[in-house]
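Numbering (the numbering used here), first residue to last: 188 to 477.
A short worksheet on the structure shown next.
What follows is the structure, given as structure tokens:
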């Protein structure tokens, strides 16, 4: 049985300083569900990933990384004639990283409900989706809905990370409607402090809600109790990937049957590992390193 089934858009990512002046850059592959899948696989969990990449070198690299990390890529699709999406990040000392998205018409944005294997989703212990994939267009949004519906019908635990990226939505109102819908369907909800207002209808006592509170750490409300954890004090090289790593650590501990407090602790540990490196996922620990 697959522990976690997830779906999203694998991306190439180019990171540099101030792009208009910098002569050097770093190439990697990323994506919120991509990072989560790698993190879970390194911790020994069976994780399957569904996505589409272009028939190009970036797409080949993304699939190679997932396969090399032990992620099940049997459902990955290659769309010849379409490009793999790209993210351009500016990372400058003392400033928040900035990102430009080059995803319009990408292979990943063409993920559709017909690509979702209902039987495989229904056989997983948990399905994890994010608001990023739901923001890529109506096809990708419906693919997320199809996965959530299949999981709900089969009694599979649904995990949802809000991951609100304003640039990907046509309006805040549209984002609120879609994100609230998905949040209300989830058993386990991940969000940042500044995303609480986007999914107010989902903030009910029966739902397990994990909130990233930035420098104050993180908290979870589970079984009508609140638990908190402080963030690790580590040198921050690049904060990208921290949220996805945290979610992976929390989910890993939940799959291991640990308490909410222990889930927060493992999430904070993986988040700290993510921010101390230049890659979203390359510095994440294995089970032995925990």
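Ideal placement from N, C-alpha and C gives every residue a C-beta, glycine not left out.
Q. For residue 393, does the three-state DSSP call read helix, strand or coil?
A. Numbered from 1 along the chain shown, position 206 holds the residue referred to as residue 393. Reduced to three states, the DSSP call for residue 393 is coil.
Q. Nearest CA to the CA of residue 295: which residue from 307, 473 and 250?
A. Taking the chain shown and counting its residues from 1, one reaches residue 295 at position 108. It is 250 whose Cα lies nearest to the Cα of residue 295.
Q: Output the distance between the C-alpha atoms of residue 422 and residue 226, rounded to the nearest integer angstrom.
A: For the purposes of this step, residue 422 is taken as residue 235 along the chain shown, with counting starting at 1. For the purposes of this step, residue 226 is taken as residue 39 along the chain shown, with counting starting at 1. Those two C-alpha atoms are separated by around 20 Å.
Q) With which residues is residue 140 paired in a DSSP beta bridge? A) Beyond the ends of the chain as shown, which are 188 and 477, falls residue 140; an answer cannot be given.
Q) When the Cα atoms are used, what is the spatial distance from residue 444 to residue 384? A) Locating residue 444 in the chain shown gives position 257, where the first residue counts as 1. Locating residue 384 in the chain shown gives position 197, where the first residue counts as 1. In a straight line, the C-alpha of residue 444 is about 30 Å away from that of residue 384.
Q: List the endpoints of the continuous beta strand (DSSP E) containing residue 215.
A: On the chain shown, position 28 is the one that residue 215 refers to. 213-217 is the extent of the beta strand (DSSP E) around residue 215.
Q. Thinking C-beta only, is residue 316 closer than 9 Å to residue 369?
A. Taking the first residue of the chain shown as position 1, residue 369 is located at position 182. Taking the first residue of the chain shown as position 1, residue 316 is located at position 129. In this structure, residue 316 lies closer than 9 Å to residue 369 by Cβ.
Q. Can you give the beta carbon distance from residue 344 to residue 323, rounded, assuming they're within the 8 Å contact cut?
A. Indexing the chain shown from 1 puts residue 344 at position 157. Indexing the chain shown from 1 puts residue 323 at position 136. Rounded, the Cβ-Cβ distance is 24 Å, inconsistent with contact.
Q | Helix, strand or coil at residue 404 [DSSP, three-state] | A | Taking the chain shown and counting its residues from 1, one reaches residue 404 at position 217. Correct three-state label for residue 404: coil.
Q.
According to DSSP, is residue 386 part of a helix, a strand, or is it coil?
A. As a working mapping, residue 386 is identified with position 199 in the chain shown. Residue state, collapsed to three classes: helix.
Q. So residue 200 is in the beta strand (DSSP E); what residue range does that whole segment cover?
A. If you number the chain shown from 1, residue 200 lands on position 13. Looking at the DSSP string, the run of the beta strand (DSSP E) that includes residue 200 is 198-203.
Q) Roughly how many angstroms separate the alpha carbons of residue 211 and residue 387, rounded to a whole number? A) The sequence position of residue 211 within the chain shown is 24, counting from 1. The sequence position of residue 387 within the chain shown is 200, counting from 1. So the two alpha carbons sit approximately 43 Å from each other.
Q: With a threshold of 16 other CB atoms inside 10 Å of the CB of residue 439, please say whether the residue is buried or exposed.
A: Taking the first residue of the chain shown as position 1, residue 439 is located at position 252. Classification of residue 439: buried, given that the 10 Å Cβ count is 16 or more.
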